[in-house]
Amino acid sequence: MKSARSLLLPVAALTLLAGAAQAQVYRVVGPDGRVTFSDKPPVNASQPVTAQRSGGSPVPATAPNGLPYELNQVAQKYPVTLYTSTDCAPCDEGRSYLNQRGIPYAEKTIATNNDIAALKKLTGGDTTLPALTIGGQRLAGYSDVQWGQYLDAAGYPKTSQLPSSYKRPAPAALSPIKIAPAAPQKAEGSAPDASGYQPPSVTPPGPSADNPAGIRF
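Under mature numbering (1 follows the signal peptide of the UniProt record, and there is no 0), residues -23 to -1, 1 to 194 are what the sequence shown spells out, in order.
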């Protein structure tokens, strides 16, 4: 009987210890300030923090572009583009608002007739600046209240979560000027092409009785 009791006591003690271990809950604060609870201890500060996919495989806390993972998910789904021009005070206010809130965005500048034509095509003829697109939503003119409401609806955080190492892309023209390559020139007296066309010989300009200065138009 004594031997039986001696075997039961360690088993009961192990059961209690296992129950205590299962009851341990850890409070984990992520890099974005979000608090979660887990039965696993938090990783060391020297180790990269990872999130967990639905399938159970870990994912990095930051995307390859340097954005926090969750913020990058929103930016990929609803990309933000700001359209500005020079000497535009509302444009400066809109840019400052996006920077302060920590919104990753691309900036397109309107400076040429081609830019204006491209903007009209994009907005349906409205040339009000600044203009903002959030995914497929277009907003004309700056309004911190309106911009904030649409950014909130898209899922962007209310406060900046951008790391200090994040670098915004430089502004770029909406419609960059494309220079067409020059047509190749055929030398004088060259052979006819496949169509049988023979380019006429070109006489270099020079002075004549009717044109003593040798000017050619």
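For each residue, glycine too, the CB sits at the ideal point set by N, CA and C.
From a predicted model like this one, the values you see are computed outputs, not experimental measurements.
Inset, instruction - Can you tell me which of Val51, Ala88, Gln114, Tyr119 puts its alpha carbon nearest to the alpha carbon of Pro153? - result: Ala88
Legend entry - Residue of Pro148, Tyr119, Asp129 minimising C-alpha distance to Thr105: Tyr119
Legend entry - Cβ shell of Tyr55 (< 6 Å), same chain only, five flanking positions each side left out: Result list for Tyr55: Ile111, Gly112, Ala131, in chain order.
Inset, instruction - Report the rounded CA-to-CA distance for Asn76 versus Tyr133, giving the unit in angstroms. - result: 13 Å
Legend entry - Collapsed DSSP secondary structure at Leu75 in the structure displayed: Helix at Leu75.
Legend entry - Beta-bridge pairing of Ala150 - partner residues as DSSP gives them: Thr86, per the DSSP bridge assignment.
Inset, instruction - In the DSSP assignment, find the beta strand (DSSP E) that holds Leu106 and state where it starts and stops. - result: Taken as a continuous stretch (DSSP letters only), Leu106 belongs to no beta strand (DSSP E), as it is neither H nor E.
Legend entry - Contact check, Lys85 vs Thr63, beta carbons under 8 Å: no
Inset, instruction - Measure the Cβ-Cβ separation of Leu44 and Leu96 and say whether it is below 8 Å. - result: No, Cβ-Cβ distance for Leu44 and Leu96 is not below 8 Å.
Inset, instruction - Could you check the C-alpha separation between Asp121 and Gly71 for me, to the nearest Å? - result: 8 Å
Inset, instruction - State the DSSP-derived secondary structure class of Gln138, mapped to helix, strand or coil. - result: coil
Inset, instruction - Whole angstroms is fine: what's the gap from Ala147's alpha carbon to Gln53's? - result: 19 Å
Inset, instruction - Could you give the DSSP three-state label for Thr63: helix, strand or coil? - result: In the structure shown, Thr63 sits in coil (DSSP, three-state: anything other than H, G, I, E or B).
Legend entry - Same chain, Cβ closer than 7 Å to Cys68, neighbours up to 5 away in sequence not counted: Thr61, Ser62, Leu106, Pro107
Inset, instruction - Output the distance between the C-alpha atoms of Ala117 and Arg78, rounded to the nearest integer angstrom. - result: 19 Å
Legend entry - Contacts around Gln123, its chain only, beta-carbon distance under 8 Å, and the 5 residues preceding and following it disregarded: Counting only residues of its own chain and dropping the five nearest sequence neighbours on each side, Gln123 has a CB closer than 8 Å to the CB of Leu116.
Inset, instruction - Output the distance between the C-alpha atoms of Lys98 and Asp92, rounded to the nearest integer angstrom. - result: 10 Å
Legend entry - Sequence-distant residues of its chain with Cβ nearer than 8 Å to Thr100 (five each side left out): Ala108, Arg115, Ala117
Legend entry - Rounded C-alpha distance that separates Pro140 from Cys65: It is roughly 29 Å from the alpha-carbon of Pro140 to the alpha-carbon of Cys65.
Legend entry - Buried/exposed call for Pro41, threshold 16 Cβ in 10 Å: exposed
Legend entry - Other residues of its chain near Gln138: CB distance less than 7 Å, five sequence neighbours each side excluded: Asp9, Pro45, Leu48, Gly79
Legend entry - Leu116, enclosing beta strand (DSSP E) - first and last residue: 114 to 117
Legend entry - Span of the alpha helix (DSSP H) around Gly125: Boundaries of the alpha helix (DSSP H) around Gly125: 121 to 131.
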